[in-house]
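Here numbering that gives the first Met the number 0 is used: the first residue of the sequence shown is 0, the next is one more, and so on. Here's the structure we're looking at; comments come further down.
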Amino acid sequence: MLIGKPWYALISPPDLEAMHWVQANTPADATFAVGGEFWLADSVSGYDAGLWLPYAAHRHTLLPPVIYISEGDPGYVMQTAAALAPIYEADGPSALQQALRDAGAGYVYQSNRSPQTWYQHLTDDALFERLYDQGGVRVYRVLP
């Protein structure tokens with residue numbers, strides 16, 4: 000149950016349903032790209048339900064918990080930003096697919112909370128397979 004204003008919640012009810020689906024229908028070693036933004040030059044912060052995949056669905060994400068920025072090794076923080084920049088800045092479906100492959104993500108979790116410009120490239124059926132689409136939450140598999 001969401002208390003207060005529902006738009007403040009990072010995880011919506013459709014996200015919870017999607018996370019149950021992710022846990023039941025993706026490999027235990029699956030790695031997901033999730034939404035985030037560069038809020039400092041060399042650090043990325045997540046701000047939607049995708050950030051909670053490790054906790055709610057027991058799946059790995061390319062974006063670590065926000066605390067990594069404050070407590071992580073500076074080299075690791077910069078390495079994470081360098082891996083995510085090509086994804087978040089992809090200018091087309093092929094560039095996005097390659098960036099996801101290079102970063103080691105086989106899946107994308109698209110929350111219904113924070114639109115990302117790179118999500119527009121996921122509609123290319125030759126490069127991405129939509130596996131789940133409920134309540135504005137989508138899960139894609141990166142095709143080989």
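We treat Cβ as the ideally placed atom computed from N, Cα and C, and that holds for glycine.
Where residue i and residue j are concerned, what is the direct C-alpha to C-alpha distance, given to the nearest angstrom?
i, j, result
"Trp117", "Ile86", "7 Å"
"Ala23", "Asp41", "34 Å"
"His57", "Asp124", "27 Å"
"Asp101", "Thr30", "12 Å"
"Ala55", "Asp90", "31 Å"
"Gly74", "Thr25", "31 Å"
"Arg112", "Ala48", "8 Å"
"Leu15", "Gln119", "23 Å"
"Met0", "Ser11", "Annotation note: pLDDT 43 at Met0 (below 50); position unreliable, coordinate value reported separately. Approximately 9 Å between the Cα atoms of the pair."
Please report the residue range of the beta strand (DSSP E) in which residue i lies.
i, result
"Val138", "136-141"
"Tyr131", "127-133"
"Gln109", "106-109"
Shortest alpha-carbon distance to residue i belongs to which of the options?
i, options, result
"Leu61", "Pro73, Ala89, Gly74, Gly103", "Gly103"
"Ala80", "His120, Asn111, Asp124, Ala32", "Ala32"
"Trp38", "Leu9, Ala84, Pro53", "Ala84"
"Gly45", "Pro64, Ala56, Val107, Pro53", "Pro64"
"Ala98", "Gly49, Pro26, Ala82", "Ala82"
"Met77", "Val43, Asp14, Gly134, Leu52", "Val43"
"Trp51", "Leu9, Pro26, Thr25, Pro13", "Leu9"
Ignore the nearest five residues each way along the sequence and tell me which others in residue i's own chain have a CB closer than 6 Å to its CB.
i, result
"Gln115", "Gly34"
"Leu130", "Val138, Arg140"
"Trp20", "Tyr131"
Identify, in the order they occur along the chain, each residue of the same chain with its Cβ nearer than 8 Å to the Cβ of residue i, setting aside the five sequence neighbours on each side.
i, result
"Asp28", "His59"
"Leu121", "Pro92, Leu95, Val107, Gln109, Phe127, Arg129, Arg137, Tyr139"
"Ile2", "Only weak support is given to the placement of Ile2: the predicted model assigns it a pLDDT of 49, under 50, and the question is left unresolved by the model."
What residue range does the alpha helix (DSSP H) around residue i cover?
i, result
"Arg100", "92-102"
"Gln119", "No alpha helix (DSSP H) holds Gln119; DSSP gives it neither H nor E."
"Pro73", "73-87"
Leaving out the 5 sequence neighbours to the left and right, which residues in its chain are closer than 7 Å to residue i when beta-carbon positions are compared?
i, result
"Glu128", "Tyr139, Arg140, Leu142"
"Pro53", "His59, Thr60"
"Gly105", "Ala29, Thr30, Arg140, Val141"
"Ala17", "Tyr131, Gln133, Val136, Val138"
With a threshold of 8 Å between beta-carbons, can residue i be considered close to chain C, or not?
i, result
"Pro53", "No chain C appears in the structure shown, which is made up of a single protein chain."
Complete runs of the beta strand (DSSP E) confined to the region 13-51 [at least 3 residues]: Within the region 13-51, the complete beta strand (DSSP E) runs of at least 3 residues are 30-32, 36-39, 42-44.
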